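Residue numbers (the numbering used here): 92 to 168.
Structure, as structure tokens:
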Amino acid sequence: MGTSPQHSPSYRRLQAQLREMRAQAEMTQRALAAILKKPHSYVAKVEHGDRRIDPVEFVHWCKACGFDPAEAIRQVR
């Protein structure tokens, strides 16, 4: 069996970027989860690679942290 997609180097870069966006927005995981109307565990699992984030969720995460989703995805590439 191959490596799961959330453990690939490119997905790990995405996870790091998501954590960095939250940190730059000076938000805790709990604060971001509240804005996203998700449980705290959602943010923790996404940031740690235990849960994948879909494109719509990515857009919401970016906007909640005050980032432009299009620019954020360009940075992941």
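Cβ atoms here follow ideal geometry from the backbone N, Cα and C, with glycine treated the same way.
Remember, it's a predicted structure, so these values are computed and weren't measured experimentally.
Which residue's Cα is closest to the Cα of residue 155: 168, 126 and 138?
-> 126
Could you give the residue range of the alpha helix (DSSP H) that holds residue 164?
-> 160–167
If we count the other Cβ atoms within 10 Å of its Cβ and call it buried at 16 or more, is residue 100 buried or exposed?
-> exposed
Environment of residue 134 [buried if 16+ CB atoms lie within 10 Å] = buried
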